[in-house]
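S.K.:
Numbering (our numbering), first residue to last: 1 to 74.
This is how it looks when you write it as structure tokens:
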């Protein structure tokens, strides 16, 4: 019984990491960032990479727009 519980947790962890990698790759593609880098990061650390991705996306946007420009977001 204990052996099956460990197998189920490992399978669940692998599924979460795979789904996270796919989602991070899709988000990186839509944001115009490095797809391979963010997919690999999603595969390695899972959902923890999402806040890192948002921060990186914001910094990349600020670099492309410039520091002195203002914008309205709706």
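Just so it is clear, CB atoms sit at the ideal spot from N, CA and C, and this is done for glycine as well. Since the structure is predicted, the reported quantities are computational estimates derived from the model, not experimental observations.
In three-state DSSP terms, what is residue 33?
M.R.: Three-state result, residue 33: coil.
S.K.: Quick check: what's the CA-CA separation for residue 19 versus residue 38?
M.R.: One C-alpha to the other measures close to 13 Å.
S.K.: Short of 6 Å in beta carbon distance, which residues of its chain neighbour residue 41, apart from the five on each side in sequence? Order them along the chain.
M.R.: Here the set comprises 49.
S.K.: Here's the rule I'm using: 16 or more other beta-carbon atoms within 10 Å means buried, otherwise exposed. How should residue 13 be labelled?
M.R.: Exposed, since its Cβ has fewer than 16 Cβ neighbours within 10 Å.
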